[in-house]
Each structure stands twice: as structure tokens, then as C-alpha cells.
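Following: one structure in C-alpha cells, then a few remarks.
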Amino acid sequence: MNASTKVHAQWSSRMGFVLAATGSAVGLGNIWKFPYMVGESGGAAFVLVYLACIFLIGLPILVSEWLLGRRGQKNPVNTMRDLAEKNKASKAWVLVGISGVLGAFLILSFYSVIGGWSLSYIKDAVVSNFAGQDADGIGAIFGGLLASPATLLVWHSLFMLITIGIVARGVTKGLEGAATVLMPALAALLLLLVIYGATTSGFGQALSFMFSPDWSQLTGEVVLAALGHAFFTLSLGMGIMMAYGSYMGQSINLLQTARTVVIMDTVIALAAGMAIFPIVFAEGLDLSSGPGLIFVTLPLAFGNITGGWFVGVAFFILLTFAAITSAISLLEPVVEFVEERTPLNRVKSTLVSGVAAWALGLLALLSFNLLGDFLVFGLNIFDLLDQVTSKFMLPLTGLGGIVFVAWHLDKESVRDELGLDVYDFSLWNLITRFLAPAAVLVVFFTNL
Ligand code: PFF
Ligand code: NA
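Take 749 as the starting number for the sequence shown in my numbering and just add one per residue.
Set out below in C-alpha cells:
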């Protein structure tokens, strides 16, 4: 499939579209990032604010981005330019598209480093490195990985190479078939790990940590982190969902489909937390282990349950697969942008974009060892890339998208597009014109 046919191609069915959108949404954000953020932010208060952000802000923004894409029928930058022109809005709206592409590029750089960790854990699982280890042994495996720039480099490069290979060959749609099988398998394995968690002594504590809020933990910073992660986990604010919307057939119901994707994403994240925190409490591990949390907890389960070898190998393969389907959705818009603005063809554009993200990823990778003390605004490079994107770029770009839909698109056609009756449409308007933008702005400015 080449780029020119792709612009007009559409997903054959709602199912295909749901799979592609879920493939982008469900990834490291759910299984790697969500649990460690919960751990660092003090538990249930963060979780509840996160859930509110997902449903009150994330869901309407997801719908808005799809809607923009479906109306614009182009890449995010051109879609914003055309729609702004058609609706007599300022040319500056094109910035929403551009900042999305830049955000995707920055996220891809460090996402690949973590994807590399997941790859390296496939190897560890296969050669039975987890078998019979206690918490210290498992911690040492992770510490060893972080301490070795060369090892990290190998896995980061391999992860990026796989991503580049898939995007360059334009076979991303081929993955939809695989996703039909692998996504449910990942969910099933997580469920199994939750059940294992329920057999440990830490389960009760884990549940109350995750769901019984201590509101004193709630700071402006925690709310911003929850908001930013809502964007990250749903792949919002990067033009990615907008691009997907442009391939979406007119018959697909936006609200229903968004609900499906959001629920799947949320269930996977919560399940990951419920698998990980029982181990944290049962083993007395550090709640604020940060990005290493899943890598020092789940292998303990793999090393100690019957059939743990198989479960461990399968888990890291599935996690890597989920990471790859998200990574290709990050690379794709960057490639399209480069392909359109330069004389480079598809393959060369992919190489240039992928290698540039890989190179930036090297800095993120080194911040776990050699460059650990190199701080910018008090953050190492990995944290800087993560925070600048999640806490600033995504919320602001997502805000731009929803404000444009709510205030500039012709009301009647939005209502038709959503298939809402008058009452539900007033609710939609209330949320998209006032509540969601106000929430983003308030959170944002209380943190400045
Ligand atoms: N949503 C993905 C996750 O939760 O892992 C990460 C991601 C993919 C973020 C694509 C942003 C994006 F555009
Ligand atoms: Na996600």
C-alpha cells in the first residue's frame, strides 16, 4: 500500500478501526507507566482524578480528534489548515497539527528505550533468569540493565529497528490481524497475574492503596500528572487519533467507539496496577520505584509460580507487541510529515525520522547511567522528555483540538456527526465548550 492510496483508504469495518485505535492506545502507558505513577503519586487519589480526567476530558477530546480527522480527510497539519480556512478561523490553528507531530517525535525517542527494556526482559525470561530469585535478585537484574549503556543501546536499537521496518514497509495494517489475538491474550495474562496477586499477602493493602483515597495526597502536581497521563494513555494531543479519524468510515459511531476504546485502555491499566501492587506490598518493595516498578515486581511472580517460565516469556512478548503497535502510531505521523514536506520517499522518510528519534533516545538512555547527573530544570533528560510532552504539549495540543471543534466547527454538522439528540448535544456542548477546556486551563495554570 502506498501513501497516495492510503489517504483515501478506509477501515473496512468498525472492528478494524477499534483494533487500530486500541493498538495505539494500549501500550507501555498502561502497563509500565500507569502503575509507577500511581505508586509515586500516593495511590487512590491519583487514580480517581485520573479516571475523572479520562472520562470527562479524555473521552470528549478523543471524539473531537476523530471528528476533526473525519471532516478534514488529511494529515493533522493539513486538516487543521483546511478546516480553519473553511470555518474562517485563524491560520494559527495549524500549530495544533505541528505541535502534535513534534510531540509524537519526542515521545517516540524515550518510548523506544523502554520498549528495549521489555525486549531485554523477553531474553531474561527465556533463559530463566527470574527462576527462584528473591526481590534483591530481581532488583539486581534491573539494576544491571540500567547500569550498562551498551546493553541498553542494543535493545533500544533493536526496538527502533523493528518499528522502522514495519512503518517503512507500510504494513502497519497487517498488524490488525495479529492484534485481534494478541491484545486479548495480554488482557488474559494480566488477569492471571491479578489472580496471583490475590493469593499474596499484599492484595488487601494493594486494593486500598489503589481505590481508597487519602485526599491529603492530592497536590496540584498530582492532578497535572493525572491529566497528562490521561492524554498519554489515550494517544491524544499528537494528531495521531486525528490521522486515524481521517480513515474512519462515515458509518462508524464516534461516541460508542470512543467509549469502547477508552474502557479497554482503562481496564488494562487498572489490571496492571492490581497485578503489581500486591507484589509491592507482599515483598515490602518501594512504592516510588519509578520507571523500574514493573520490572522489579512482575518477574518475582514469574520466578515463583508454577508455569512461571511460560507466563513470563509470554508476558514480555505481549508487552513488547503492545509497545510496538503504539510506537508505530508515534512514528507514522512524523514520517507522513517528512514525506510531504521533503523530496524524500516513504522509505527514506521513515529512516530519517526513525534514526533521528533513535538518536534523541540515546540521551534518554544515558540519563539512566552516565548522564544521570546531567539535569535540565532539575530533571534528567528522560524525565525532561517525558514531562515536557505529557504535562505541557499533550494537554495544550489536545485543548486546541477540542476548542476548535467546540467553538469553530459548524454546530449542526457536529451534532449530525455525533448523532445526538438536543439534550445530549447540550451536555456535549457544556463539556466541550466549557468544562473540559476550563479543567485543562485551571490544572495547567495552578502548576505554573
Ligand atoms: N498511548 C500509548 C500508551 O499508553 O502506551 C502511548 C502513546 C502512543 C502515546 C501514541 C502517544 C501516542 F501518540
Ligand atoms: Na494507553
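Even for Gly, the Cβ is constructed at its ideal location relative to N, Cα and C.
Asked	Found
Should PRO808 go down as buried or exposed, given a rule of 16 or more other Cβ atoms within 10 Å for buried?	buried
Using a strict less-than 5 Å threshold between each residue's beta carbon and the heavy atoms of ligand 2, what residues do you get?	ALA773, GLY777, ASN778, THR981 and ASP1013
Hey, how far is the Cα of LEU1118 from the Cα of ASN1001?	50 Å
If we ignore side chains and look at the alpha-carbon of each, how far apart do PHE1085 and GLN953 end up?	48 Å
Can you find a CB in chain D that lies within less than 8 Å of the CB of SER838?	The structure shown contains no chain D; it holds only a single protein chain.
From HIS756 to GLY968, what distance separates their C-alpha atoms?	Because the pLDDT of HIS756 is 42, which lies under 50, any placement of that residue in the model is unreliable, and the question is left without a value.
Looking only at C-alpha atoms, which of GLU1160, ILE1150, ASP1158 and ASP1164 sits nearest to PHE1182?	ILE1150
For the alpha helix (DSSP H) containing GLN821, list its first residue and its last residue.	That residue, GLN821, is in no alpha helix (DSSP H); it is neither H nor E in DSSP.
Going by C-alpha to C-alpha distance, which of GLU1080, SER1036 and GLU1088 sits closest to TYR992?	GLU1080
From ASP1164 to PHE979, what does the alpha carbon distance come to, in whole angstroms?	26 Å
Let me check you understand the geometry: is the CB of ALA1020 closer than 7 Å to at least one non-hydrogen atom of ligand 1?	no
Could you tell me the distance, in whole angstroms, from the CA atom of VAL971 to the CA atom of LEU1092?	42 Å
What is the residue span of the alpha helix (DSSP H) that SER949 lies within?	Taken as a continuous stretch (DSSP letters only), SER949 belongs to no alpha helix (DSSP H), as it is neither H nor E.
Could you name the residues of the same chain whose beta carbon sits closer than 8 Å to that of ILE1065, not counting the 5 residues immediately before and after it, in chain order?	ILE870
Determine contact between the segment 854 to 872 and the segment 766 to 779, defined as no fewer than three beta-carbon pairs at a distance below 8 Å.	yes
I need the straight-line Cα distance from LYS839 to VAL825, nearest angstrom please.	11 Å
Give a yes or no on contact between the segment 795 to 810 and the segment 1036 to 1048, applying the rule of three or more CB pairs nearer than 8 Å.	no
Please report the residue range of the alpha helix (DSSP H) in which PRO1185 lies.	1184 to 1195
Distance check for GLU1088 and SER752, CA to CA, integer angstroms please.	The pLDDT assigned to SER752 is 38, lower than 50, so where the model puts this residue is not dependable, and the model offers no usable value.
Taking three-plus beta-carbon pairs below 8 Å as touching, is the segment 1010 to 1023 in contact with the segment 938 to 945?	yes
Classify THR827 as buried or exposed, calling it buried when 16 or more other Cβ atoms lie within 10 Å of its own Cβ.	buried
Just list the alpha helix (DSSP H) runs in the segment 1103 to 1129, keeping only unbroken ones of 4 residues or longer that don't cross its boundaries, in chain order.	none
Just reading off the alpha helix (DSSP H) that VAL1082 is part of, what are its end residues?	1056 to 1089
Using the Cα positions of ASP872 and ALA1006, report the straight-line distance between them to the nearest angstrom.	37 Å
Rounded to whole angstroms, what is the Cα-Cα separation between THR1194 and ILE1076?	34 Å
Which term fits PHE908, buried or exposed, when burial requires 16 or more other beta carbons within 10 angstroms of its beta carbon?	Position check: residue 908 holds Met in this sequence, whereas Phe was assumed. Buried: at least 16 other Cβ atoms inside 10 Å.
Considering just the uninterrupted stretch of the alpha helix (DSSP H) at THR1005, what are its terminal residues?	1002 to 1031
Would you report the Cα separation of GLY817 and LEU1114, rounded to the nearest angstrom?	37 Å
Helix, strand or coil for ARG829, going by three-state DSSP, please let me know.	helix
Quick one: does the C-beta of ALA852 sit closer than 7 Å to a heavy atom of ligand 1?	yes
So, are the CB atoms of GLY985 and LEU1142 less than 8 Å apart?	yes
Tell me the rounded alpha-carbon separation between THR1008 and THR1054.	34 Å
Taking 7 Å as the limit between beta carbons, can you name the residues of its chain near THR928, skipping five residues before and five after?	LEU767
Taking only the alpha-carbon atoms, compute the straight-line gap between LEU1147 and GLY950 and give it to the nearest angstrom.	40 Å
Using DSSP with H/G/I as helix, E/B as strand and the rest coil, what is THR875?	The residue asked about is misnamed: residue 875 is Val in this sequence, not Thr. If DSSP states are grouped into helix, strand and coil, VAL875 belongs with coil.
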